[in-house]
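Structure first, then comments.
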Amino acid sequence: MKEDYLQAYRRSVEDPEAFWRERASVLEWSKPFERVLDTRVPSGRWFVGGELNACHEALDRHVAAGRGAQSALIFDSAMTGTRQQFSYAQLQQRVAELAGWMAGQGLEPGERVLIYMPLVPEAVMAMLACARLGAPHVVVFGGFGAAELAARIEDVAPRLILTASCGLEPGRVIEYLPILNQALARIGHKPERCLVLQRPEHPAELTAPQQLDWHESVSGARPADCRAVAATAPLYILHTSGTTGRPKGIVRDTGGHVVALRYSMSAVYGIDPGEVFWAASDIGWVVGHSYIVYGPLLHGCTTVLYEGKPVGTPDAGAFWRVAASHGVNVMFTAPTALRAIRREDPKAAHVAKHDLSALRTLFLAGERADPDTLQWAQDVLGKPVIDHWWQTETGSAIAANCLGLTPMPVKPGSVSVPVPGFNVRVVDDAGDDVPAGTAGSVVLGLPLPPGCLTGLWNDEAGLARSYLSRFQDHYFTGDGGVLDEDGYLHVMGRVDDVINVAGHRLSTGEIEQVLSAHEDVAECAVIAVPDELKGQLPVGLVVLKSGVKRGEDEVIAQLIARVRDDIGAIACFRRCLVVARLPKTRSGKILRGTMSQIAAGEHPQTPPTIDDPETLVEVRAALTS
Ligand code: COA
Ligand code: AMP
-15 MKEDYLQAYR RSVEDPEAFW RERASVLEWS KPFERVLDTR VPSGRWFVGG
35 ELNACHEALD RHVAAGRGAQ SALIFDSAMT GTRQQFSYAQ LQQRVAELAG
85 WMAGQGLEPG ERVLIYMPLV PEAVMAMLAC ARLGAPHVVV FGGFGAAELA
135 ARIEDVAPRL ILTASCGLEP GRVIEYLPIL NQALARIGHK PERCLVLQRP
185 EHPAELTAPQ QLDWHESVSG ARPADCRAVA ATAPLYILHT SGTTGRPKGI
235 VRDTGGHVVA LRYSMSAVYG IDPGEVFWAA SDIGWVVGHS YIVYGPLLHG
285 CTTVLYEGKP VGTPDAGAFW RVAASHGVNV MFTAPTALRA IRREDPKAAH
335 VAKHDLSALR TLFLAGERAD PDTLQWAQDV LGKPVIDHWW QTETGSAIAA
385 NCLGLTPMPV KPGSVSVPVP GFNVRVVDDA GDDVPAGTAG SVVLGLPLPP
435 GCLTGLWNDE AGLARSYLSR FQDHYFTGDG GVLDEDGYLH VMGRVDDVIN
485 VAGHRLSTGE IEQVLSAHED VAECAVIAVP DELKGQLPVG LVVLKSGVKR
535 GEDEVIAQLI ARVRDDIGAI ACFRRCLVVA RLPKTRSGKI LRGTMSQIAA
585 GEHPQTPPTI DDPETLVEVR AALTS
């Protein structure tokens, strides 16, 4: 029988130690923890004194328990037309060999390994091999350009880099080595070894002595056993966009992460060991970390790795084909993907061509799900489609309709109710609860539950400064929202400079940094404008220096190309306007929010602090021309 949601939720906030001790007891600890929760750290430190290994929990324990022959990982590439399957025993063997090679390089626990790879099985193996050795992995999304990659390499100073010869996008090949070389040249960092997976579609020439062929190096390596790791030691670092130009390295601890993800698989997703889970994301994002790699494997499920797009590879039936061919029981994607499918196949003719009888539920996250698209998906699939809300920092859902507990009635437009462990409040600027139904800032009570960030890499005060200082004793999510009279949360979107393009989190500050580095640009601002398909798109507004010789069109073309090279094509930065002045307050703060409202077709009031109201008129004319 399912546990009652309200009861579980109440226990999790009233007695978090007892609640999480129980959840932690199902793991195979090499050394039991001495304390469930250390509250001397305001955000909380979980399972202090305990030791375990995340790779053991994800692979070895299942093999030992008789799940060795079960399929652990299914790779389905629409880009190459290939499929591969790895049982738990095979995956364990491959991971242990790769870990053996890494250990042979002298990799010590705590030393970072950077993974810049496409969505292929070896990328998953790389993450698990790092976990096996207690070496935090730092995955960089394969769509990021040289500047983003360089910032991450510089931040974590990896001992090893694991990459591939290429990624495959529709109609083009992404060669990783030139991007990696450019990134390394920018910062003057030399990793000791760079392991390169040669993909047959486009092998790379290995020119530097530290570049090694993956298969030649790893085959025959002596398999490495799992090393016991402190529960509080970092399992990984994953960078995400903040409000500044520099990405923040979110640090996830080992024990809290394993406990929280195992719990979420059953409580949130309502899936059983042995079933098939598919998160249509990328390992470069938190969704990929949590629900392509760790969550499903920790829970003894089969996970699906799909290299392809929701449309165009070859058609809008791609997702339904994958779900049907692999008997997917629970699926997870971003609303943008559904909008893209709906645009091409509004009558869902493709759905009818596939046997989706195994599919129980489709979960959505990563950006706001418009109720219309959600309803469409629910109608054409005839299955519940559940919107749930979380962020890189939390590692799993903050609010969801928890299908493994007694489900709550669905409210369209809401991300449902707080997941056990998360004490969600909506507050005004002074930190006081706003009345039900009123918009405010969404905050989380401290301590945070297991699995949330434990810090920012290389920035000891970063967690407190970026998240805990705005509201006393609370973590600020950066999202605005409303809690209604039934306790349901409605997330309205970011209240900071983070934007969300096709479910990809970007910072306007990062794009501004690229624009302002151009020799002809005096100042600039990047704002988000609504987009029917991708949710939001960035638009740049630049003021050129006086006496610029290049024509405006040429400068704009260069700026667009630079953002594509430095940040990546995923920024979808295609619109940049030259303006004479930017609207600012009298103290010099650029009025980005007001400009975004104008770009969204709204008619905001002119802020009383504006320096020159005429600048808004000029920007409105530019944005609407
Ligand atoms: N490596 C290199 N380049 C990549 C990339 C990767 N891993 N992923 C995307 N890109 C490139 C694309 O090739 C494209 O380049 P282009 O400008 O030359 O066409 C650009 O980045 C934008 O990509 P994308 O956002 O995928 O746009 P699209 O127009 O090609 O496809 C969708 C539209 C809706 C199909 C696509 O945006 C999508 O699948 N969105 C859902 C994404 C998602 O799941 N996000 C949630 C992550 S948790
Ligand atoms: P990321 O860290 O990349 O997962 O992005 C997290 C941000 O995406 C959140 O802070 C929200 O702004 C947004 N987001 C994620 N899921 C949802 C959702 N279900 N509804 C609305 N916004 C969401």
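First residue of the sequence shown: -15, per my numbering; consecutive thereafter. Glycine included, each C-beta is placed from N, C-alpha and C at the ideal position.
Going by the C-beta, is ALA2 closer than 7 Å to any heavy atom of ligand 2? no
Work out the CA separation of VAL335 and GLU35 for me, nearest whole Å. 46 Å
Less than 8 Å separating the beta-carbons of ALA38 and THR216? no
TYR253 in three-state terms, based on DSSP: coil
Tell me which residues share the same chain as LEU622 and place their Cβ nearer than 8 Å to its Cβ, disregarding the 5 neighbours each side in the sequence. Nothing can be reported for residue 622, as the shown portion of the chain is limited to -15 through 609.
Reducing DSSP to helix, strand and coil, say where ALA2 ends up. helix
Going by beta carbon distance, what residues of the same chain come within less than 6 Å of MET111, once the five residues before and after it are set aside? HIS121 and VAL277
What runs of the alpha helix (DSSP H), each 4 residues or longer, lie entirely inside the segment 132 to 174? 160 to 171
Is the beta carbon of PRO193 sitting closer than 8 Å to the one on SER149? no
Compute the minimum distance between the beta carbon of THR320 and the heavy atoms of ligand 3, and state whether it is under 7 Å. Annotation note on ligand 3: not contained in the displayed structure, which lists ligand 1 and ligand 2 as its ligands.
Between GLY465 and HIS474, which are expected to be in contact by the criterion C-beta below 8 Å, what is the C-beta distance as a whole number of angstroms? 6 Å
Does the segment 516 to 533 touch the segment 585 to 602, meaning 3 or more C-beta pairs lie closer than 8 Å? no
Spatial neighbours of THR569 within its chain, please: CB distance less than 8 Å, with the 5 preceding and 5 following residues excluded, ordered by chain position. LEU575, PRO591, THR593, ILE594 and ASP595
So what does DSSP say about ALA461, is it helix, strand or coil? Here residue 461 is Thr; the residue named in the question, Ala, does not match the sequence. Three-state result, THR461: strand.
Who are the Cβ neighbours of LEU379 in its own chain at under 8 Å, not counting the five residues just before and after it? With the sequence shown as reference, residue 379 is identified as Gly, and Leu is not the correct amino acid for it. Same-chain partners within the cutoff: ARG236, HIS241, ALA244, LEU245, VAL270, HIS273, SER274, GLY435, CYS436 and LEU437.
How long is the line joining the alpha carbons of ARG19 and TRP304, rounded to whole angstroms? 46 Å
With respect to the alpha helix (DSSP H) encompassing LEU82, which residues constitute its N-terminal and C-terminal limits? 72 to 88
Could you check whether the segment 194 to 206 touches the segment 171 to 181, counting it as contact only if at least three pairs of C-beta atoms, one from each stretch, sit closer than 8 Å? yes
Just to confirm the assignment: which complete beta strand (DSSP E) runs, minimum length 3, are found wholly within the segment 391 to 451? 408 to 411 and 423 to 429
Just tell me which of GLY350, ALA300, GLY296 and VAL157 has its CA closest to the CA of ALA486. GLY350
Proximity below 8 Å, CB of ALA509 to CB of MET579: yes
Pairwise C-alpha distance: GLU328 and TRP441: 42 Å
Residues in the same chain with beta-carbon distance under 8 Å from SER201, minus the five sequence neighbours each way, listed in chain order, please. TRP85 and LEU179
Any heavy atom of ligand 2 within a distance shorter than 7 Å of the CB on GLY268? no
Return helix, strand or coil for ALA509, following the three-state DSSP convention. strand
Hey, would you say the C-beta of ASP371 is under 7 Å away from at least one heavy atom of ligand 2? yes
Say the cut is 7 Å; is the CB of VAL475 nearer than that to a heavy atom of ligand 1? no
Nearest to PHE460 by alpha carbon, out of SER491, GLY311, GLY28 and VAL408? VAL408
Here's the rule I'm using: 16 or more other beta-carbon atoms within 10 Å means buried, otherwise exposed. How should ARG326 be labelled? buried
Whether or not the segment 316 to 323 and the segment 509 to 523 are in contact is what I'm after, with contact meaning three or more pairs of Cβ atoms, one per stretch, closer than 8 Å; do they touch? yes
Report whether the distance from the Cβ of GLY126 to the nearest heavy atom of ligand 1 is below 7 Å. yes
DSSP beta-bridge partners of CYS39: Bridge partners of CYS39: none, in fact.
Check: GLU351 C-beta below 7 Å from any heavy atom of ligand 2: yes
Say the cut is 7 Å; is the CB of GLY462 nearer than that to a heavy atom of ligand 2? yes
When you compare the segment 246 to 259 with the segment 163 to 171, are there three or more beta-carbon pairs, one atom per stretch, that lie closer than 8 Å? no
Using beta-carbon positions only, say whether ALA62 and THR286 come within less than 8 Å of one another. no
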